[in-house]
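One structure is given here, and the rest of the page talks about it.
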Amino acid sequence: MNPTIDLLNAHCSTRAYDPTPPTDDEKQAVLHAAMRAPTAGNLMLYSILEIEDQALKDRLAVTCDDQPFIARAPWVLVFVADFQKWMDLFAATGCDSVPGVPHGVTPGLGDLLMACTDATIAAQNAVVAAESLGIGSCYIGDIMELGETHAEILELPRYTFPIAMLCLGRPGVAPRITERYEKHVVHTNTYRRLSEAELRDVSDDLDSLYGARASKPGVAGYVQDVYARKFTADFAAEMNRSVAWWLKRWEKPEA
Ligand SMILES: Cc1cc2nc3c(=O)[nH]c(=O)nc-3n(C[C@H](O)[C@H](O)[C@H](O)COP(=O)(O)O)c2cc1C
């Protein structure tokens with residue numbers, strides 16, 4: 150249709166990399182494009198950590214649910230939802246003495262979600278910019294796991310949250326497109342839950358599209374496989390435990 154839509158439609162995640170790293174010019178172009186993303190109130194509620202230390206990459210490959218390709222990625226970025234920088238700016242510029250406004254206000258969960266949205270949109274801009282330069286990427290959601298460990302090794306202060314990690318590099322293998330299931334995603338005006346008959350059709354469609362996998366005895370079909378292999382998996386339980394820890398840390402009352 151046009152080169153931008155063609156690029157978006159050609160997306161696939163890259164987990165095997167040619168060892169040649171992106172050039173400095175390419176990195177700057179990708180980071181600049183990330184920062185051109187829309188951002189709530191133009192506040193840029195995120196920071197981007199470039200993980201250059203190989204020992205730290207090696208550690209993240211383990212702490213992010215044992216995914217060794219992370220250690221081999223030529224360029225690794227962590228997108229951190231960041232309200233800390235604004236809290237520090239408020240303090241440094243004496244906002245607590247501004248007359249006629251409340252003082253001692255701390256960021257709430259709405260601020261956290263807004264910062265997560267900002268950081269994620271910036272990350273996706275980076276993905277698209279990188280792909281336009283022939284650089285592939287893969288999100289790592291497991292950066293939200295093991296909160297206590299990631300806060301320590303990335304030195305993340307209280308009003309931050311690592312919402313996404315990106316592994317980037319030129320693809321070392323041919324791209325393989327994963328089809329999307331586009332039925333029932335777009336609703337008109339209001340949300341509509343699917344009927345039992347529609348749910349059975351969706352399950353059959355998913356089996357046809359992705360294969361009726363059976364990862365364990367007794368598992369029948371793609372949906373049951375997702376339930377057994379992802380939804381109820383140890384990593385999902387750890388993700389939920391860890392995110393509760395991040396939220397508690399963000400919200401805990403001042404000592
Ligand atoms: C929030 C998020 C977290 C993800 N986490 C991982 C991950 O930890 N490891 C991984 O190999 N892929 C991860 N992915 C990539 C997805 O598996 C991938 O996008 C999906 O299977 C569709 O494939 P495609 O991107 O090639 O179209 C993640 C993607 C997103 C958006």
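The numbering of the sequence shown is this note's numbering, which starts it at 150 and goes up by one. Heads up, the beta-carbon is just placed ideally off N, CA and C, and yes, glycines get one too. It should be emphasised that the depicted structure is a prediction, and the values quoted were computed from it without experimental measurement.
Would you call the CB atoms of M314 and L226 closer than 8 Å?
Residue numbering aside, residue 314 sits at position 165 when the sequence shown is read from its first letter. Residue numbering aside, residue 226 sits at position 77 when the sequence shown is read from its first letter. The Cβ atoms of M314 and L226 lie closer than 8 Å to each other.
Any 3 or more C-beta pairs closer than 8 Å across the segment 206-221 and the segment 287-305
Short answer: they touch.
Which residues in the same chain have their Cβ closer than 7 Å to the Cβ of R221, if we skip the five residues on either side of it in sequence?
In the sequence shown, the residue the question calls residue 221 occupies position 72. Contacts found: Y166.
Nearest residue (CA-CA) to P170, options R208, G285, A189, G360
Position 21 of the sequence shown holds residue 170. Closest by alpha carbon: G285.
If I measure Cβ to Cβ from S196 and keep anything under 6 Å in the same chain, skipping five residues before and after, which residues do I get?
The count along the sequence shown starts at 1 and reaches residue 196 at position 47. These residues qualify, in order along the chain: V229, D231.
Pair every Cβ in the segment 323-333 with every Cβ in the segment 232-247, then say whether three or more of these pairs are closer than 8 Å.
Verdict: no, contact absent.
Once the 5 residues before and after C161 are set aside, which same chain residues still bring their CB inside 7 Å of it?
As a first step, residue 161 must be located in the sequence shown, where it is residue number 12. Taken in chain order, the residues that qualify are P324, R325, I326, T327.
Report the rounded CA-to-CA distance for E201 versus G367, giving the unit in angstroms.
Here residue 201 is taken as the residue at index 52 of the sequence shown, counted from 1. Here residue 367 is taken as the residue at index 218 of the sequence shown, counted from 1. Put simply, the backbone Cα of E201 is about 45 Å away from that of G367.
Collapsed DSSP secondary structure at A404 in the structure displayed:
As a position in the sequence shown, residue 404 is number 255, starting the count at 1. Legend: pLDDT at A404 = 45, less than 50; position of this residue unreliable, no value from coordinates given.
With a cut-off of 7 Å, give the chain-ordered residues whose Cβ is closer than this to any heavy atom of ligand 1.
Listed by position along the chain, the residues with Cβ atoms less than 7 Å from a non-hydrogen atom of ligand 1 are H160, C161, S162, R164, C213, D214, Q216, C287, Y288, I289, G290, D291, A313, I326, T327.
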